[in-house]
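Trainee: Position one of the sequence shown corresponds to residue 1 (UniProt numbering), numbered consecutively onward.
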Amino acid sequence: MELKSVDRKRESVDRDLKSVDRELESVDRELESVDRERGSVDRERGSVDREHWSVDREHESVDRDLKSVDRKRGSVDRERESVDRELKSVDRGLESVDSGLESVDRRLESVDRRLKSVDKTNQPADKSKSKS
């Protein structure tokens, strides 16, 4: 009887071992699945990292372009200020020319008046006397 009891215990232990083996196989399959998922996640992470690096490079490029635009804007602003100063100088020159032209106009009017006055004094009082 003791032998039968030992056999039953052995069979029970064998069944338990088979159950444990199946459980270990299931765990191994689950680990393989997790490893595959981890590989997929790692590849995706690498892809995201490359995209992030690319975005960073593009951001740096945009920053350089913006700095260049700011420098050009500064240059254009300085050029505009220079042109404005030049235009003001030209305006002052034109005002001076206008003033000079007004002075010349006044002098010409004065000369015209004097010429008319001279013409009146040089005209004979009687036209019939000048014909003889």
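We put the CB at the ideal spot given by N, CA and C, even for glycine.
Using only the alpha-carbon positions, how far apart do Glu-23 and Val-13 sit?
Mentor: Mapped onto the sequence shown, residue 23 falls at position 23. Mapped onto the sequence shown, residue 13 falls at position 13. Looking at the two C-alpha atoms, the distance is approximately 15 Å.
Trainee: If we ignore side chains and look at the alpha-carbon of each, how far apart do Pro-124 and Leu-115 end up?
Mentor: Taking the sequence shown and counting its residues from 1, one reaches residue 124 at position 124. Taking the sequence shown and counting its residues from 1, one reaches residue 115 at position 115. Their Cα atoms are separated by approximately 16 Å.
Trainee: Take Arg-50 and list the residues in its own chain whose beta-carbon comes closer than 7 Å to its own, dropping the five residues that flank it on each side.
Mentor: On the sequence shown, residue 50 is found 50 positions in, with the first residue counted as 1. Closer than 7 Å at Cβ, skipping near neighbours: no residue.
Trainee: Closer than 7 Å: is that where the CB of Glu-109 sits relative to any heavy atom of the ligand PLP?
Mentor: Questions concerning the ligand PLP fall outside what the structure shown contains, since it holds no ligand whatsoever.
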